[in-house]
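S.K.: Structure incoming, see below.
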Amino acid sequence: AQAGTAARAGARTAASYDAYASGESAARGAVSGWVKKGGFEYSEGGGADVTVTVSLKVPSIVPGLDDWEATRSSTMPRE
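What follows is the structure, given as structure tokens:
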């Protein structure tokens, strides 16, 4: 869920010409600190539309279970 929220926040901010922050900083702000510690990757591309992809390496909180990766993308039209 956090990867999707981060991708949407990043795309929404990156698509706005009058944004006060970068898409990446908006995406990072949408993720809990304990999740960011596992790993955070951001990519952005597009022309008339902006597509942001966020990948998170989610640390396992259960002993014996491996960490896992969640990747989500979101596309927004430029404003």
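Heads up: the sequence shown begins at 1054 in the numbering used here, then just goes up one per residue.
We treat Cβ as the ideally placed atom computed from N, Cα and C, and that holds for glycine.
(1) Less than 7 angstroms between the C-beta atoms of G1091 and D1120, yes or no?
(2) Do Q1055 and V1103 come within 7 angstroms of each other at the CB atom, strictly closer than that value?
(3) Can you tell me where the beta strand (DSSP E) with R1065 in it begins and where it stops?
(4) Measuring alpha carbon to alpha carbon, tell me which of G1100, A1101 and S1127 ends up nearest V1107.
(5) Give the single residue among T1058, E1132 and A1064 whose Cα lies nearest to the Cα of S1096.
(6) Closest by CA to V1105, which one among Y1070, V1115, A1072 and E1094?
(7) Buried or exposed: which applies to R1061, given that a residue is buried once 16 or more other Cβ atoms fall within 10 Å of its Cβ?
(8) Would you grab the beta carbon distance between A1123 and V1111 for me? Rounded to a whole angstrom, and I think it's under 8 angstroms.
M.R.: On the basis of the supplied data:
(1) Mapped onto the sequence shown, residue 1091 falls at position 38. Mapped onto the sequence shown, residue 1120 falls at position 67. For G1091 and D1120, yes; Cβs fall inside 7 angstroms.
(2) Residue numbering aside, residue 1103 sits at position 50 when the sequence shown is read from its first letter. Residue numbering aside, residue 1055 sits at position 2 when the sequence shown is read from its first letter. No, Cβ-Cβ distance for V1103 and Q1055 is not below 7 angstroms.
(3) Numbered from its first residue, the sequence shown carries residue 1065 at position 12. First-last for R1065: Q1055 to A1067, but that is the alpha helix (DSSP H), not the beta strand (DSSP E).
(4) Numbered from 1 along the sequence shown, position 54 holds the residue referred to as residue 1107. Among G1100, A1101 and S1127, the Cα nearest to that of V1107 belongs to S1127.
(5) Walking along the sequence shown from the start, residue 1096 turns up at place 43. The residue with the shortest Cα to Cα distance from S1096 is A1064.
(6) On the sequence shown, position 52 is the one that residue 1105 refers to. Selected option, being the one with the closest Cα: E1094.
(7) Sequence index remark: in the sequence shown, residue 1061 carries index 8 (1-based). Counting Cβ neighbours within 10 Å, R1061 comes out buried, since at least 16 surround it.
(8) Residue 1123 sits at position 70 when you count from the first residue of the sequence shown. Residue 1111 sits at position 58 when you count from the first residue of the sequence shown. Between V1111 and A1123 the Cβ distance is about 6 angstroms, and since that is below 8 angstroms, they are a contact.
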